[in-house]
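Note sheet for the following structure.
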Amino acid sequence: MWLYILKRVLQGLLTVWFIATATFFAMHNVPGDPLTNDRAMTETTRANLEAKYGLDQPITTQYLIFLRNLARGDFGISFVQENREVNDIIREHFPVSAILGVLAVVFAATGGVLFGALTALYRNRLPDYLIMFLVILGISVPSFVVAALSQLSLVSLNTLVGFTVLPVAGWGTVMHMLVPALVLGLSTMAYLTRLMRSSMLEVTSSDYVRTAKSKGVPPTRIFTRHQLRNAILPVVTVLGPAIAAITTGGFVVELVFAIPGLGRYFVEAVQQLDYTVIMGTTVFYGAFLVFMVILVDVVYGFIDPRVRLDS
Amino acid sequence: MSDLTAASFAPLSDQQPSQVIARPSLSYWQDAWSRLQANRRALVSLYIVIGLLLFTVFGPVVWPVDPAMQDIDQISQPPGTDRTATLVADYEPWFGTSGLPGTGLRLAEKATSQAVRLQWDAVDGASGHRVYRNLFPIGPELSYGIPMAEFLNNDTLYFEDRLDLQPGRFYYVVVALDERGLITDRYQSISVDVERVTTRTEALERGLITESNAVQIGDKITLAWHPLGTDYLGRDLLARLMAGARVSLFIGIGAPFLFVLFGVVYGSAAGFMGGRIDQLMMRFADFVVALPFLLFMILFKIAFGIGPGESGVFPMLVALVVLLWPATARLVRGQILQIREQGYISASELLGASTPYLIMRHMIPNTLGVVLVTVTFAIPSAIFTEAFLSFIGMGVAPPTPSWGSMSNEGIKTMLTTPHELFFPALFISLTVLAFNLLGDGLRDALDARMRNVE
Amino acid sequence: MKAAEENVDPATPLLTVEDLQVEFDTYGGTVQAVRGVSFSVDQGQTLAIVGESGCGKSVTVQSIMGLIPTPPGRITAGSARLRGHQILGRSTVGGKEIRGAEIGMIFQDPMTSLNPTMTIGDQIAEPLQIHRGYSARDAFTEAIRLLELSKIPEATKRAQQYPFEFSGGMLQRAMIAMALSCKPSILIADEPTTALDVTIQAQILDLMQELQKETGMAIILITHDLGVVARMADEVAVMYAGKVVEYGSADDVFYRSAHPYTVGLKEAMPTNDPARQHELKPIDGSPPDLFAPPAGCGYCPRCPYAMQICSDRQPQDHNLRGHHSASCWLHHAQSDSRPETLFFKDTH
Ligand SMILES: Nc1ncnc2c1ncn2[C@@H]1O[C@H](COP(=O)(O)OP(=O)(O)OP(=O)(O)O)[C@@H](O)[C@H]1O
Ligand code: SF4
Ligand SMILES: [Mg+2]
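Residue numbers (the working numbering), protein chains in the order written: chain A, 20 to 330; chain B, 4 to 457; chain C, 695 to 1042.
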């Protein structure tokens, strides 16, 4: 088990290195450079700044320095906000995105499992049709439209009631989080519902459920003891990619609901061509996702006994 | 049993060797096609997809309106609005000198979409005025609206509003300012009904009237028709949706086609070569999978850059292909390994068949179904990605429309003119829905093993 | 044992199935999977049901257990009586649960028939908790004892393991332990050894016989393998295309086969008996399409002795000797064809 985890972590580190390298070279391919942005400057200031950010070095040296700093967990200093460390930016904004993401994943997973099981139980009856209709809608409507529409309905809800039931935008309290997290998790929830439904149907017609019936196990117990746990397994396996989709999909929700998360900051940094911030955030997100996937796999090992000893 | 004769017990002469199979055996594709036809949802989706393609290709022929043309008489008009306008003389500047008689805040002339001209008497004790415009009445919270102008003395007691006027009701408020230029609680207000007008010159330019027409100033004429309304710049939404469809579907279909093609080549190469090379190639694919997709989309978009005069469609295409091929590669490799294991390839290999022949005869027919399904499911996600990037302003460069960038623009005016968001969003949703359902149907039709229990 | 049994005529067999008919609605139409099946089985006896794949063996026993998925499945006629009490469509008889308590069942593929995410011990303990009201701990202890009875070494450790840690043969032993945990009066085994190695097969069959001797339960054994039938069965029902075509004691069916299909089955079976060393003769052709069951004898297109009437009219059951019967026109009084491979009523 521990060996397995160790192996996965080492693989993960290798992947992070790949992400970092890809990021570095993609960024250095960008036409123009961050210093020619908008401020006119003299040759000397320019040279000074280039020296400060190491832009005067040959690219291989820059790359090695970048890797060395990365190994130390140092992403450098922002180009635009000159005295701000990228680490500070991540430290300040990532928790917001993380809370939003975790909440959205929780919504998506519980909703997906619940609705998926429900549709399978009521297969080809009204609840099934209703939920599957909503699922199709959830998969087909782009997230920004959902975000905008839910914001719109919040506005009208608040005006209708006459006081602020739920805030329309911003961040701070749990109330601020609910709707954005729901919107963020929605398409994943729809996807997981579909997955859970087909997995549940497969389990329902499986040999071991038939065995359980032949033992005279009552239906509710068959559902809880035999069907649910097995049906959830495929849902757990896709949770890693789902977390990835949710965290990176956070940009839109953060933009629409004016949430000060890392995603929104990333978009801003891209617009301002803030080299270090872009690279730092990308590598950070990449590493985060890689290790989330590993975490999910390890957790899966605890749920599925077949994987447990498999190392 | 009296009806039984000796003949009944005579041996059956022409004994068929076995039961004749009653149902005709169909080829793989015929069978798949008939199963697809039996799936009503998939069939409807197929029609929608065909309809969308026709809309994209032939739409501009049927509706040859320039998507970039601005109809300044009809800004942000929802579909089905009244299109009549009164012909007025060309605009001439106004200095508050002329005007209708009256007291308080009043209209100097009839309010038109060309200009709203206001006059007022100095509010008692005011040392200046500020003019506001709003779409709603003042209400108990004293919401005046957007400030339009400020006059720090009592010399100017008139205001001409020419900003983005649309037919409908506007509320104007003139608030008194104190000596320090701060607003006081004394104000005058007026509600104004703006009438749509157009000038003779404009009407001529747009071909709404001709020189020879006997249309006089003051006559009613009918403005250009916009079946789905116009956007915030007065551009025809239908024409823009058609142009946007070209971009969205080009990326939506082109990118999956390319990356699936690349994935197939890569995956089958790995599957055929096997061994160390296969391991290495798949390891690389794993790395690419681990790249955070949207971040790298954005990164690549800026890295490949948008040159002058470019729409940015190409960089997006490249980025999608670079990032999304591994899934197909994995799938195809798996299929090929499976087919190889199933033995009938090695049987033909023993007979000395050439590799290209093997690929043509066995691999392609066996993997084509899976690949087709992959492409169908990849299309909606590519369309989403384009829309998403355009939405955060990283997509195609204006003025090239795409459904995503149109949604992005539409969202800003969502509260007042929802149709500008509704139509592009509808097209995105419809397309994604159609391709998803079609993918489901294809998967069910092509491969019973891939079918989820439904 | 119980009150329910006492007021029943002791001559009544333990389980009687009469004229059972089962259909399935599918996209291609209605499949008549079982078309009037009758048999009975007594305490301590083993009834073997043999027949080709798809002839309706599993559907027959699953109907008795109420395991037919409805829809698409439907029992359209017939009865199944346990000690005289109708059990079709019921879940209890005489206050006792049928499934698990009165009838235990084991399946063909032990690898997929056990829940992969539940320990073997818990799975064996489950019926004890449900039908016997055991506490979780007692049930688990009993499960370990049952595993030991089923000759699983290190039962205590094994009970805490998951199915994937067991071999196929061990899983089938665990299945047997599970099916017998509540001491049912009937054990239904649907091809219990098909998925196993030959040596393991013999061990499993031995185990079943041993347990049968101890508990006096009846066994309904479904199999393709006539070798297994010869070794285990007291009674045999030969099924073809949803019907029982020959029924009787094992000796009758084996040594006095009265139906051409039974003979075909025997000839298709490999044997190491030197006296009967002839070439293997697989039966040509395939069973009829049950979407549209034939008007006459279902075996007609493959039968070497088929007569004019066979293709038009269903043969009747002909009683031969004791309760040995066969459903074939050859046994009709008016038929004068007497193939020598077959047994006829007045032979001897
Ligand atoms: N759930 C179902 N839906 C539709 N048809 C079914 C279903 N279950 C069984 N059948 C049909 O009933 C017929 C009998 O099936 P059954 O499983 O009883 O055969 P069997 O004799 O047990 O075969 P095998 O030896 O392969 O187990 C088959 O032709 C099958 O097509
Ligand atoms: S009834 Fe006729 S066809 Fe059927 S088994 Fe007997 S002889 Fe053969
Ligand atoms: Mg069977």
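Just so you know, even glycine gets a beta-carbon here, dropped at the ideal spot from N, CA and C.
Contact under 8 Å by Cβ, Ala250 (chain A) with Val286 (chain A) | The beta carbons of Ala250 (chain A) and Val286 (chain A) sit no closer together than 8 Å.
Are there 16 or more other CB atoms within 10 angstroms of the CB of Ala10 (chain B), so buried, or fewer, so exposed?
-> exposed
Unbroken beta strand (DSSP E) run spanning Gln191 (chain B), endpoints | It spans Ile186 to Val197 - the beta strand (DSSP E) in which Gln191 (chain B) sits, taken as one unbroken run.
Where the beta strand (DSSP E) containing Ser773 (chain C) begins and where it ends | Its beta strand (DSSP E) spans residues Gly767 to Leu776.
Would you decide whether Trp32 (chain B) is buried or exposed? Buried here means 16 or more other CB atoms lie within 10 Å of its CB.
-> exposed
How far does the alpha helix (DSSP H) with His825 (chain C) in it reach, from first residue to last?
-> Ile814 to Arg826
Comparing alpha-carbon positions, which option in A:Leu205, A:Phe44, A:Val312 and A:Gly235 lies nearest Val257 (chain A)?
-> Closest by C-alpha distance to Val257 (chain A), out of A:Leu205, A:Phe44, A:Val312 and A:Gly235, is A:Val312.
Out of C:Lys790, C:Ala705, C:Pro707 and C:Gly772, point me to the one whose CA is closest to Lys937 (chain C)'s CA.
-> Selected option, being the one with the closest Cα: C:Gly772.
State yes or no: is the C-beta of Val121 (chain A) within less than 8 Å of the C-beta of Leu203 (chain A)?
-> no
Given a threshold of 16 other Cβ atoms within 10 Å of its Cβ, counted over all protein chains shown, does Ile84 (chain A) qualify as buried or as exposed?
-> Ile84 (chain A) should be labelled exposed.
Report yes if the C-beta of Leu984 (chain C) is less than 7 Å from at least one heavy atom of ligand 1; otherwise report no.
-> yes
Could one say the Cβ of Ala1000 (chain C) lies closer than 8 Å to chain B's Cβ atoms, at least one of them?
-> yes
N- and C-terminal bounds of the alpha helix (DSSP H) containing Lys907 (chain C) = Val892 to Thr909
Might you give, ordered along the chain, the residues of its own chain that have their beta carbon closer than 6 Å to the beta carbon of Ala912 (chain C), omitting 5 neighbours on each side?
-> Leu708, Val735, Gln737, Gln739 and Ile880
Assigned secondary structure, Phe285 (chain A) (DSSP; H/G/I helix, E/B strand, else coil) | helix
Does any CB atom of chain A fall closer than 8 Å to the CB of Met902 (chain C)?
-> no
With a Cβ-Cβ cutoff of 8 Å, do Ser48 (chain B) and Leu375 (chain B) count as a contact?
-> no
Assuming Ile894 (chain C) and Gly862 (chain C) make a contact with CB atoms under 8 Å, what is their CB distance in whole Å?
-> The pair is a contact, with the Cβ atoms about 7 Å apart (cut-off 8 Å).
How would you label Thr917 (chain C), buried or exposed, when you count the other beta carbons within 10 angstroms and need 16 or more for buried?
-> buried
contact_flag[the region 817-837 of chain C, the region 870-880 of chain C] where n(CB pairs < 8 Å) is 3 or more | Yes, since at least three Cβ pairs between the region 817-837 of chain C and the region 870-880 of chain C fall closer than 8 Å, the two stretches touch.
Exposure label - Lys304 (chain B); buried when at least 16 CB within 10 Å = buried
Is Thr202 (chain B) near Val91 (chain B), with beta carbons less than 8 Å apart?
-> yes
Does the beta-carbon distance from Arg775 (chain C) to Ile781 (chain C) come in below 8 Å?
-> Taking the C-beta atoms as reference points, Ile781 (chain C) is found nearer than 8 Å to Arg775 (chain C).
In chain order, what residues of the same chain lie with their CB nearer than 8 Å to the CB of Asp713 (chain C), ignoring the 5 residues before and after it?
-> Gly730, Val731, Ser732, Ala771, Gly772 and Ser773
Which same chain residues, not among the five before or five after Ala258 (chain B), have their C-beta less than 7 Å away from its C-beta?
-> Leu320, Leu323, Val324 and Ala385
Starting from Lys960 (chain C), follow the beta strand (DSSP E) in both directions and report where the run begins and ends.
-> Note, Lys960 (chain C): premise wrong, no beta strand (DSSP E); alpha helix (DSSP H) at Pro954 to Ala962.
Contact list for the region 276-295 of chain B against chain C, Cβ threshold 9 Å | none
Distance CB(Thr87 (chain B))-CB(Lys223 (chain B)) smaller than 8 Å | Yes, the Cβ-Cβ distance between Thr87 (chain B) and Lys223 (chain B) is below 8 Å.
Mapping DSSP to helix, strand and coil, what is Val174 (chain A)?
-> helix
Gly270 (chain B) and Val335 (chain B) look like a contact to me (Cβ under 8 Å); what is the Cβ gap, rounded to whole Å?
-> 3 Å
DSSP beta-bridge partners of Ala742 (chain C) = C:Leu915 and C:Val930
Three-state secondary structure (DSSP) of Val119 (chain B) = strand
Are there three or more Cβ pairs, one per stretch, closer than 8 Å when the region 63-80 of chain B is compared with the region 230-238 of chain B?
-> yes
Closer than 9 Å by beta-carbon distance: list the chain B residues that pair up with Phe163 (chain A), in chain order.
-> In chain order: Ala390, Phe391, Phe394, Ile395, Gly407, Ser410, Asn411, Ile414 and Ala428.
Name, in chain order, the residues that DSSP records as bridge partners for Ala381 (chain B).
-> None; Ala381 (chain B) has no bridge partner.
Does any C-beta atom of chain A lie closer than 8 Å to the C-beta of Ala306 (chain B)?
-> yes
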